[in-house]
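To keep things clear, I will list the structure first and then write my remarks on it.
Chains as they are written, first to last, in the working numbering: chain C, 7 to 585; chain S, 308 to 992.
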């Protein structure tokens with residue numbers, strides 16, 4: 007090696023800076039609140055020959071940690087095979103096909119070749135979640151689609167920009183097939199402008215350090231990332247660790263889907279074997295290969311946040327056994343649940359397998375659902391149709407250090423929920439409650455965090471409620487003696503009649519009349535460790551704060567509370583905990 | 308009156324470690340300075356100690372302007388007054404469930420403690436909808452009962468926070484009236500009072516911060532003014548706010564939340580003032596201390612102000628504040644070699660205790676400050692004064708063993724590498740702040756202050772392509788100087804949220820006129836002499852469908868829609884290089900700041916003129932070896948001894964009581980009439 011470690015660090019920071027500036031540019035200029043507010047996007051630099059991840063913005067949505075390189079790799083391969091037109095400088099490809107290294111159709115990827123001296127030096131690429139890409143339901147999250155065509159417009163890689171100019175013919179095909187098309191031009195330009203920011207900044211970096219040095223640094227950084235990941239892998243004692251995780255149902259057939267995982271540490275390698283997981287399903291709870299891989303990577307990054315974002319970091323990780331399962335769906339299986347739900351259950355399986363060998367690092371299961379509730383209808387006062395989304399968090403798992411966080415966001419996202427006041431301004435609804443899901447945290451030495459409890463009423467017009475959630479049948483898993491968090495509960499109040507969806511957490515188009523209410527309680531996190539070991543004072547505090555009842559204190563934690571002001575009955579507690 | 312203030316003015320800023328004081332007597336030109344230890348339990352002692360140390364004659368003093376961390380510390384350490392919340396039925400948990408995030412993108416751990424515990428958050432029947440219409444009338448008896456319950460629980464302050472009170476404040480006002488009848492003091496905060504905007508979490512947290520620090524600030528101001536009275540002081544006490552303006556001590560507790568983060572704000576105000584006097588109106592301020600590095604942007608001599616500051620995870624305080632961003636851990640940032648064999652600096656920090664090795668308080672990990680010591684940039688003879696007795700060789704050994712071995716470098720090379728990586732990362736962070744505010748750093752000068760800012764500024768400027776660095780006369784007491792030079796200031800935000808083509812002619816001008824009138828009235832109430840009134844107008848705009856806002860500054864309040872559209876499109880293109888001619892624009896907020904400007908102060912005597920020597924050679928204290936790309940025998944100047952006019956070519960070190968200025972090889976430092984050092988950066992990247 008001719009490069010010193012300091013130059014390497016400097017170039018690593020420089021590449022990271024290029025990607026972070028792309029992220030910033032994309033979010034700030036985007037129209038879609040999903041991108042602008044929820045940062046449901048990612049930008050990065052990928053290798054010219056195989057699309058391998060060179061660097062990716064630190065603020066990208068976690069679920070894209072691994073998908074982007076597969077998307078770019080597929081594109082490079084298709085160009086090589088002559089299936090896709092070869093690029094010229096200034097071209098930008100658009101693609102959203104889930105089976106070509108993607109997630110769901112709403113995640114639209116742009117990829118631009120970056121030229122140096124007439125040759126492709128690398129690819130700049132980004133993904134942004136568009137609010138709509140057509141299909142049977144606004145927004146694309148159908149609970150009951152049975153083929154990808156019902157989920158929206160599927161774009162193979164085509165050059166949307168040719169030599170820097172937007173191809174208005176291709177663009178008109180897209181806008182004719184999606185909802186609220188007039189605002190998409192803002193997102194398209196923002197997404198393309200972010201790539202141009204990357205092009206300029208990367209050019210400056212190369213001018214400063216020289217193409218050869220940077221090329222050498224990229225190779226070296228990749229192998230060093232692998233070394234770093236290996237050092238973490240070696241923290242895990244050799245052996246095989248098993249876990250299972252379940253999805254309530256696919257939304258069409260009311261049967262659980264099972265993820266079977268065996269993680270084996272052997273030497274410097276960590277092998278994730280998903281053999282025995284359920285077969286591909288009829289409804290949209292399938293995952294595609296890129297998303298399955300990415301879910302393993304993001305779970306590992308939750309466990310080891312220090313891992314650099316580089317293809318090298320993934321090299322010690324081997325994923326097998328997904329062929330023929332619902333984790334490797336092929337055309338035309340519906341996939342709209344893959345990024346929002348299945349990915350989180352895959353991460354949960356990884357957590358559940360590795361908590362025993364890594365008890366200080368890994369938490370009990372988090373709520374693990376995006377909690378997607380959509381309400382579409384007509385507002386007579388404004389004379390127009392509306393689609394409202396309520397995405398919500400849940401409790402995180404207890405862990406070695408402390409209790410789980412209440413109402414944390416999904417494992418695969420990092421975004422803020424909309425305020426109730428903004429929802430009520432925009433839509434004909436009134437919230438009656440928005441607070442903690444009491445009692446929902448799984449009992450443990452360190453208990454799980456609490457989910458969310460909200461109830462919302464339709465005030466006028468007519469609307470249909472749809473749910474794509476999970477953990478309605480099985481609560482987030484407790485670990486090391488801790489109990490599971492409480493399950494997700496959906497109740498629709500139509501007049502005085504309470505309706506519970508047949509699939510518990512999923513259903514499409516439940517009709518609502520004015521005065522009808524939707525009541526959702528999201529899952530609590532799993533508990534960590536034996537609840538009888540939890541200090542009685544901590545249980546007392548939870549009860550004083552109304553998080554658990556006196557009865558739950560006794561039943562779940564073996565703590566007897568009496569009197570007013572309430573106190574711990576030490577003798578009775580000791581008795582109860584002995585039994 | 309003339310432009311000169313009549314008598315003596317004191318600025319005193321209480322920081323986490325030191326209380327800094329500057330007294331300027333404009334009649335005599337006399338300057339007095341003091342730096343004493345802060346007394347955080349009762350900051351008034353430190354203030355009085357500083358007054359004593361500077362030998363200030365309280366009876367002859369006209370004005371004290373005070374920056375305090377009372378409220379900032381209380382919030383960050385959660386040492387708050389016991390506070391209750393009365394809120395809309397069904398919404399008692401708004402402060403706890405927040406907006407559904409987690410502290411870090413990766414890692415599923417993390418905790419959050421709400422400002423008010425759940426058992427002190429009570430709800431009452433009442434409901435107003437988004438249009439301001441009453442859905443459920445206020446249950447007044449329930450308010451009384453809840454108020455009594457909170458009093459019985461020992462609450463000192465209370466928040467009334469109802470949904471949609473920005474649209475219709477009737478219920479909040481009525482509930483506050485009822486509470487006023489039973490509450491033992493005046494510490495009642497209504498949710499809409501500080502921030503009349505939608506978003507119940509942000510508004511609620513802002514109100515809860517206000518209520519829970521109000522009794523503390525009230526008591527503190529009472530103690531301080533009592534002590535000052537006892538010392539014979541007859542003048543006014545003004546207190547700094549986070550927006551860089553100040554208010555009288557009599558009124559400050561009413562909107563106590565506005566004093567949070569006022570310390571960093573006053574430093575930025577000092578920078579803006581100093582820069583304007585020197586003819587540099589576009590600055591990036593760079594304040595590097597032992598535990599944090601803060602950055603802010605000043606355009607046209609106006610610091611950037613934001614209404615949406617989050618002072619820590621899930622702790623938004625939505626009142627106008629100078630937009631100061633923390634970009635790093637300061638001199639205490641720890642360097643280490645990762646398992647991949649790469650050198651990393653930060654984000655871990657040795658903090659203030661144990662701190663860097665060179666503090667001699669038991670620190671063992673190599674930090675940025677230690678690297679500066681190894682390279683001779685900091686004065687190694689200082690180690691003799693350290694209580695723990697650390698030697699330079701001990702520090703060098705740590706660099707050689709902890710870093711050098713893995714990287715195949717000697718101690719010097721390892722220290723140089725730490726500085727290089729640290730500068731690269733800080734430059735990157737400064738660049739992100741700058742571009743996130745729509746500014747190219749190359750159009751700015753770097754204003755360096757804090758204990759360590761002037762040590763790194765020239766290297767950062769080179770990395771960022773910034774042509775010039777400015778170091779004020781007293782970088783270590785910049786916040787106190789900010790107190791002295793600050794203006795009276797009130798900021799107003801009015802939400803319009805109307806498409807530009809539907810904006811009635813004259814509507815904006817009317818809103819601005821009303822805001823200006825309210826600001827003038829408030830300034831009149833302060834009873835402080837001002838030299839003039841200045842108003843700054845802007846609108847926040849977006850293309851319809853967007854959620855982000857772009858601020859467009861207006862030269863004048865009466866602007867026609869066509870011009871506004873043009874200004875917006877220009878600003879948008881400059882920021883994003885995107886034209887969107889077919890999409891309609893929205894006017895979201897009209898903003899007006901009313902500024903009561905105070906008399907100009909002459910800062911040129913901050914460095915005592917009689918101390919100055921005739922020639923630059925006379926100012927040389929010593930020479931020592933300093934490492935840049937190689938060891939250079941480098942002159943060390945004592946700043947107070949430098950002649951009024953000088954020119955120094957790097958490498959050079961200019962040392963002063965509170966900081967060290969590093970002039971790198973190829974850079975050239977000159978003085979200006981105000982006593983600033985201006986460094987012209989050679990060969991910027």
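Ideal placement from N, C-alpha and C gives every residue a C-beta, glycine not left out.
Report the rounded CA-to-CA distance for residue i versus residue j, giving the unit in angstroms.
i, j, result
"residue 239/C", "residue 316/C", "16 Å"
"residue 237/C", "residue 114/C", "35 Å"
"residue 306/C", "residue 356/C", "8 Å"
"residue 312/S", "residue 829/S", "At residue 312/S the pLDDT is 47, less than 50, meaning the model places this residue with poor confidence; the figure from the coordinates comes in the next sentence. Residue 312/S and residue 829/S: Cα-Cα distance of roughly 22 Å."
"residue 400/C", "residue 566/C", "28 Å"
"residue 684/S", "residue 659/S", "20 Å"
"residue 244/C", "residue 637/S", "41 Å"
"residue 310/S", "residue 335/S", "Confidence in residue 310/S is poor, its pLDDT being 41 and thus under 50, which makes the residue's placement too unreliable to answer from."
"residue 445/S", "residue 797/S", "33 Å"
"residue 439/S", "residue 505/S", "12 Å"
"residue 40/C", "residue 588/S", "37 Å"
"residue 374/S", "residue 99/C", "55 Å"
"residue 232/C", "residue 319/C", "5 Å"
"residue 349/C", "residue 525/C", "25 Å"
"residue 715/S", "residue 649/S", "12 Å"
"residue 404/S", "residue 229/C", "42 Å"
"residue 484/S", "residue 547/C", "33 Å"
Given a cut-off of 8 Å on the beta-carbon distance, is the pair residue i and residue j in contact?
i, j, result
"residue 361/C", "residue 325/C", "no"
"residue 874/S", "residue 919/S", "no"
"residue 370/C", "residue 450/C", "yes"
"residue 551/C", "residue 419/S", "no"
"residue 51/C", "residue 227/C", "no"
"residue 399/S", "residue 362/S", "no"
"residue 827/S", "residue 815/S", "no"
"residue 500/S", "residue 465/S", "no"
"residue 253/C", "residue 727/S", "no"
"residue 93/C", "residue 119/C", "yes"
"residue 189/C", "residue 96/C", "no"
"residue 300/C", "residue 70/C", "yes"
Would you give the residue range spanned by the beta strand (DSSP E) that residue i belongs to?
i, result
"residue 956/S", "954-956"
"residue 385/C", "378-385"
"residue 247/C", "245-253"
Within 8 Å of any Cβ in chain C, is that where the Cβ of residue i sits?
i, result
"residue 429/S", "no"
"residue 471/S", "yes"
"residue 822/S", "no"
"residue 551/S", "no"
"residue 405/S", "yes"
The alpha helix (DSSP H) spanning residue i covers which residue range?
i, result
"residue 70/C", "70-86"
"residue 499/S", "498-501"
Report yes or no: is there a C-beta of chain S within less than 8 Å of the C-beta of residue i?
i, result
"residue 420/C", "yes"
"residue 441/C", "yes"
"residue 242/C", "no"
"residue 573/C", "no"
Item to check | Ranges of the beta strand (DSSP E) found wholly within the segment 567-651 of chain S, counting only runs of at least 3 | outcome: 590-595, 600-606, 632-635, 640-644
Checklist entry - If you scan the segment 391-479 of chain S from start to end, which runs of the alpha helix (DSSP H) of 4 or more residues do you find wholly inside it? => result 401-404, 447-459
Next on the checklist: Restricting to runs no shorter than 3 residues, where is the beta strand (DSSP E) found entirely within the segment 432-502 of chain C?
Outcome noted: 435-443, 457-464, 468-474, 495-500
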